[in-house]
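The structure appears right after this line, and notes come after that.
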Ligand code: NAD
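Residue numbers (the numbering used here): 1347 to 1567.
Next comes the structure, spelled out in structure tokens:
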């Protein structure tokens, strides 16, 4: 299914899903590629091109059925089945993610957590039992974990990723600002908020002037 589909298309499908969900909640039953495009901030041509990778969903003249296209997108994105999630690293970020209420909106079920800190092991944090990372293989198999959130310090990331891979988990959502190496059959998606912040700095720089004495490079500091 994912072979040959540009990752930018997959990202936009996730946006279309959110837009359609909002339209559905608002009680709309039909939409058009123009409307979807405006809400998703892309062109109508782009919407039609993205959807055309997967089949023909709309009707010329009357557009798309909102619940129909919503279901198709959920099917395409694999969001019609439960996914069992474990968090590896129950520090500040791991615990915040465990408490995130929208995790179960699409059947992402948090089933286990792992850490190496003796103070945390054996406790329940964010409604889930914290196990020692050494027990990843047995607990992951027992709980049929599909996806691991990686939320450990940078210097522990590769070893923890190796443990996750050895446990048979095939999807890693990596929050650590470093690259982790995994075999080809393990998919890693990275969430890097510092990288996004630097991109934001790039786009704002030039629009928002800094005073010369505030410049860190080429200034007085
Ligand atoms: P933290 O120090 O509060 O927590 C890290 C936890 O990982 C600790 O509980 C520690 O005991 C545990 N740990 C260490 N080695 C481990 C191992 N091998 N297996 C399992 N657990 C292990 O750190 P934090 O603030 O929660 O940040 C965690 C990571 O997330 C860092 O790499 C940080 O840079 C990153 N981060 C990412 C984002 C983002 O948006 N992507 C935002 C903030 C932090």
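Glycine is no exception: its CB is placed at the ideal position from the N, C-alpha and C atoms.
Under 8 angstroms by Cβ, that's how I've got residue i and residue j pegged, so tell me the actual separation to the nearest angstrom.
i	j	result
residue 1503	residue 1460	The Cβ separation is near 13 angstroms, so there is no contact.
residue 1524	residue 1500	5 angstroms
residue 1474	residue 1467	Contact doesn't hold; Cβ gap of about 13 angstroms is too wide.
residue 1409	residue 1389	Rounded, the Cβ-Cβ distance is 16 angstroms, inconsistent with contact.
residue 1435	residue 1496	7 angstroms
Just the Cα atoms here: how many angstroms apart are residue i and residue j?
i	j	result
residue 1347	residue 1563	Residue placement at residue 1347 cannot be trusted, given a pLDDT of 48 that sits under 50; the coordinates are not used to answer.
residue 1458	residue 1407	49 angstroms
residue 1391	residue 1438	43 angstroms
residue 1370	residue 1362	12 angstroms
residue 1478	residue 1429	22 angstroms
residue 1543	residue 1526	21 angstroms
residue 1483	residue 1558	55 angstroms
residue 1351	residue 1419	14 angstroms
residue 1508	residue 1494	12 angstroms
residue 1400	residue 1453	23 angstroms
residue 1397	residue 1489	35 angstroms
residue 1553	residue 1546	11 angstroms
- Task: Just list the alpha helix (DSSP H) runs in the stretch 1514–1561, keeping only unbroken ones of 4 residues or longer that don't cross its boundaries, in chain order.
- Result: 1539–1550
- Are the stretch 1437–1452 and the stretch 1408–1417 touching by the rule of at least three beta carbon pairs closer than 8 angstroms? no
- Item | 4-residue-minimum alpha helix (DSSP H) runs that sit fully inside the stretch 1369–1396, ordered along the chain | 1379–1386
- Query: Does the stretch 1532–1539 come close enough to the stretch 1511–1523 to have 3 or more Cβ pairs within less than 8 angstroms?
  - Reply: yes
- Let me know the beta strand (DSSP E) ranges lying completely inside the stretch 1465–1499, each 3 residues or longer, listed in chain order. 1474–1478 and 1493–1496
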